[in-house]
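Position one of the sequence shown corresponds to residue 208 (the numbering used here), numbered consecutively onward. Backbone N, C-alpha and C fix where the C-beta goes; we use that ideal spot for every residue, glycine too.
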Amino acid sequence: MQHPDPSPAATPLTYEQSGVNYDLIDPLKVAAQRAAAATAGHLTAHGFSEVSASRGESAYVVDVGPFYLASIVECLGSKALVADEMQRLTGRSFYAGIAQDTIAMAVNDLITVGATPLVVQAYWAAGGSDWFADDERAQALVAGWKQACDTCGVAWGGGETPALAGIVESGRIDLAAACTGIVQPKSRLSLGERLGPGDAIVLLASSGIHANGLSLARKLVERLPEGYMTHLPDAQQTYGEALLAPTVLYSPVTEALHRAGITPHYAANITGHGWRKLLRHPSAHTYRIDAVPPVPPVLKFIQQQAQLDDFEAYGTLNMGVGFALFVAAADAERTAEVAREQGIGAVVAGRVEAGPKRLIIEPLGIEYGDDALQLR
Numbered sequence: 208m209q210h211p212d213p214s215p216a217a218t219p220l221t222y223e224q225s226g227v228n229y230d231l232i233d234p235l236k237v238a239a240q241r242a243a244a245a246t247a248g249h250l251t252a253h254g255f256s257e258v259s260a261s262r263g264e265s266a267y268v269v270d271v272g273p274f275y276l277a278s279i280v281e282c283l284g285s286k287a288l289v290a291d292e293m294q295r296l297t298g299r300s301f302y303a304g305i306a307q308d309t310i311a312m313a314v315n316d317l318i319t320v321g322a323t324p325l326v327v328q329a330y331w332a333a334g335g336s337d338w339f340a341d342d343e344r345a346q347a348l349v350a351g352w353k354q355a356c357d358t359c360g361v362a363w364g365g366g367e368t369p370a371l372a373g374i375v376e377s378g379r380i381d382l383a384a385a386c387t388g389i390v391q392p393k394s395r396l397s398l399g400e401r402l403g404p405g406d407a408i409v410l411l412a413s414s415g416i417h418a419n420g421l422s423l424a425r426k427l428v429e430r431l432p433e434g435y436m437t438h439l440p441d442a443q444q445t446y447g448e449a450l451l452a453p454t455v456l457y458s459p460v461t462e463a464l465h466r467a468g469i470t471p472h473y474a475a476n477i478t479g480h481g482w483r484k485l486l487r488h489p490s491a492h493t494y495r496i497d498a499v500p501p502v503p504p505v506l507k508f509i510q511q512q513a514q515l516d517d518f519e520a521y522g523t524l525n526m527g528v529g530f531a532l533f534v535a536a537a538d539a540e541r542t543a544e545v546a547r548e549q550g551i552g553a554v555v556a557g558r559v560e561a562g563p564k565r566l567i568i569e570p571l572g573i574e575y576g577d578d579a580l581q582l583r
């Protein structure tokens, strides 16, 4: 006797089913990094050199003598598709927040190495010139971009706005940002050389899903009778509105830490791969978490509706943590205070221990091993 297939709502929805498979993507990243490393010698013709330890980190660092330069380019991903659909459903433009998301993708990576962001460049590739004819949407993108630059104290240097019919789908836009920053004094550089047992792990709160995991979140809409307009339990928001909460900009925190005399030993931007990003540094340490911050309602909703267990959810989504700072134990509480003074929640969540490379989230009974994150 044949048993009927389980209903879609009862079947776990994985990130791979939504069209994103890091097992396929990450090997290309590693191959590209190895090819890129072979080009570092070109800097010597200018009297400069790369900081080789920055290879595989979130930003690339060049030694130019009196200071370091850091640079990064990042794309937004598919969050703009949610904004487009919510504009169709509500008549409202969400592109001011989308602009902040895009800048955050670059700036939050740049600051992991101890850099102060200086300049942002914009890449706005539309599926046709008609995208820019929607004046409200276009002006929201401009205004949001400038506001995010003001928040981070960076100059908007310029950008590129190509119309790429046949490459980008008609009616859509692909957004990216490049950011250049300075590490000055040089002692601010944080590539993990000082990371070690005894350090504290301070986790900074996210505003929601940020700009990673949107492929999964969009796929989930197919299971919701009211789609994006589904109201979250115990929240005065629809699912679509909650997804579009702008990504937190963390550079005000790292700049405030510098003013307070605190230099992180390491930092990680919690994006794709979720909490597995806490394993980003190549050295062998055990990272033990004993305090788990609150999970935003939208992420709780995604976990429940997609039938994800904690291991899958915390290994894919940020689950309430957008940035991690690894600091000397003596600086832990002050680091959290500085973040809160900037309006961002923070928890002294755990510590670094001697031992094999692994992440242990004790309150949830989760452990990720050395093979959970291969980025270099």
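C-beta atoms of residue i and residue j nearer than 9 Å
i, j, result
"Val326", "Ala277", "no"
"Gly366", "Trp331", "yes"
"Asp406", "Ala536", "yes"
"Thr323", "Ile374", "no"
"Val555", "Phe533", "no"
"Thr493", "Lys484", "no"
"Ala329", "Trp352", "yes"
"Phe518", "Leu439", "no"
"Ser300", "Gln294", "yes"
"Gly602", "Arg565", "For residue 602 there is no data in the structure shown, the boundaries of the chain being 208 and 583."
"Tyr302", "Ala347", "yes"
"Cys386", "Ile279", "yes"
"Ile318", "Thr470", "no"
Between the CA atoms of residue j and residue i - distance to the nearest angstrom
i, j, result
"Pro404", "Leu288", "43 Å"
"Ile573", "Trp482", "11 Å"
"Ala333", "Val409", "39 Å"
"Gly585", "Leu235", "This structure does not reach residue 585, given that the chain is present from 208 up to 583, and the question cannot be answered."
"Leu450", "Ile567", "28 Å"
"Ser413", "Glu281", "19 Å"
"Val269", "Phe255", "7 Å"
"Ser422", "His480", "13 Å"
"Val502", "Ala418", "16 Å"
"Tyr275", "Gly321", "10 Å"
"Ala491", "Glu400", "12 Å"
"Asp230", "Gly304", "30 Å"
"Met208", "Gln510", "Low per-residue confidence applies at Met208: pLDDT is 33, beneath 50, and the placement is therefore not dependable enough to give any value."
Burial state of residue i, where buried means 16 or more other Cβ atoms lie within 10 Å
i, result
"Lys286", "buried"
"Asp316", "buried"
"His253", "exposed"
"Thr542", "buried"
"His249", "exposed"
"Val237", "exposed"
"Arg344", "buried"
"Ala239", "exposed"
"Gln549", "buried"
"Pro453", "buried"
"Asp441", "exposed"
Range of the contiguous alpha helix (DSSP H) that encloses residue i
i, result
"Pro287", "The residue asked about is misnamed: residue 287 is Ala in this sequence, not Pro. Segment Lys286 to Thr297, the alpha helix (DSSP H) holding Ala287."
"Ser458", "Ser458 to Arg466"
"Thr542", "Ala539 to Glu548"
"Ala424", "Leu421 to Leu427"
Residue range of the unbroken beta strand (DSSP E) whose run includes residue i
i, result
"Leu410", "Ala407 to Ala412"
"Ser278", "Tyr275 to Cys282"
"Phe530", "Val528 to Val534"
"Leu555", "The sequence given here has Val at residue 555, not Leu. Segment Ala553 to Glu560, the beta strand (DSSP E) holding Val555."
Any non-hydrogen atom of the ligand MG closer than 8 Å to residue i Cβ
i, result
"Gly557", "In terms of ligand content, the structure shown is empty, and the ligand MG therefore cannot be addressed."
Starting from the N-terminal side, write out each stretch of the beta strand (DSSP E) that is 3 residues or longer and does not extend beyond the stretch 314-385. 323-333 and 362-367
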